[in-house]
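Asker:
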Amino acid sequence: MPEVTAPAHKTGDFFVNYEEKVFPDVQAEPGEKALVTFHTVAFEGSIGLVNLLQATRLIRKGFETSVLLYGPGVTLGVQRGFPKLGDEAFPGHMAMNNQLVKLMEEGGKVYACRFALQALYGHGEPSLIPGITPINPLDVLDIVLLHRKDGAFILDTWTM
C-alpha cells in the first residue's frame, strides 16, 4: 500500500491561484445593454442561480441589464418561503429570490411572462417578487429582438 506523506489540507489553504486573471476586465461602454434569459426551472440545477449572479456582475460592469423569465423560468421569480413567504426553510432556499431582489436593487430590470406564470404554473401576478414586471407572451420575442437591435450582449439560459 502506498504511503501518503503529504500533510493534510487545513482550513485557509489555497488549492489554486485565484489572483491570476488571464483576460482583461471588460467594462461596458456607456449605453451598452445586456439581456439574460431564463427558460429553466428553479432548483433543477445550478444554472438559474449561476446566471443570476452573472446578470448581477453585468450590472456591476456597467451594462444596462434586463432579465427575462419565460416558460419554466418564471418559477425563479415567484415568492417562496416556508412556513411563511420569505422564510428560509434551509440554507440557500431563498438564494434565487434574494439574488433577483439584489439585481433589481442594483438597477436591473426583471420581466416575467404572464402566460407561463398562469397557464403553465398556476400563479398570478401577485405571486411575483415585488419589482418584477409581468409581460404579455408576445413580448417575450420582442424583448430579445429589441436587445438584438441595440447590439446587446444576450445570454440565453436553458435546461432540458
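Just so you know, we're using the working numbering here: the sequence shown kicks off at 3 and counts up by one. Ideal Cβ positions, reconstructed from N, Cα and C, are used throughout, including at glycine.
1. Let me check understanding here. Comparing Cα to Cα, which of M96, L70, V76 and V69 lies closest to R82?
2. Just how far apart, CA to CA, sit G73 and E21?
3. Which first and last residues belong to the alpha helix (DSSP H) in which I49 is found?
4. Output the distance between the C-alpha atoms of K151 and G94, rounded to the nearest integer angstrom.
5. Look up K111 in the DSSP assignment and give the residues it is bridged to.
6. Look at the Cβ atom of L78, then the Cβ atom of M106, and state whether they are nearer than 8 Å.
7. Does the region 61-75 come within contact of the region 140-147, defined as at least 3 CB pairs closer than 8 Å?
8. Work out the CA separation of K104 and K111 for me, nearest whole Å.
Answerer: Inspection of the coordinates gives the following:
1. Counted from its first residue, the sequence shown places residue 82 at position 80. Of the listed residues, the one whose Cα sits closest to R82 is M96.
2. Numbered from 1 along the sequence shown, position 71 holds the residue referred to as residue 73. Numbered from 1 along the sequence shown, position 19 holds the residue referred to as residue 21. Those two C-alpha atoms are separated by around 39 Å.
3. Within the sequence shown, the letter at position 47 stands for residue 49. Its alpha helix (DSSP H) spans residues I49 to R62.
4. By 1-based counting over the sequence shown, the position of residue 151 is 149. By 1-based counting over the sequence shown, the position of residue 94 is 92. Spanning the two alpha carbons is a distance of roughly 37 Å.
5. Walking along the sequence shown from the start, residue 111 turns up at place 109. Note: K111 sits in a beta bridge opposite S68.
6. Residue 78 sits at position 76 when you count from the first residue of the sequence shown. Residue 106 sits at position 104 when you count from the first residue of the sequence shown. In this structure, M106 does not lie closer than 8 Å to L78 by Cβ.
7. yes
8. If you number the sequence shown from 1, residue 111 lands on position 109. If you number the sequence shown from 1, residue 104 lands on position 102. Taking the straight line from one Cα to the other gives about 11 Å.
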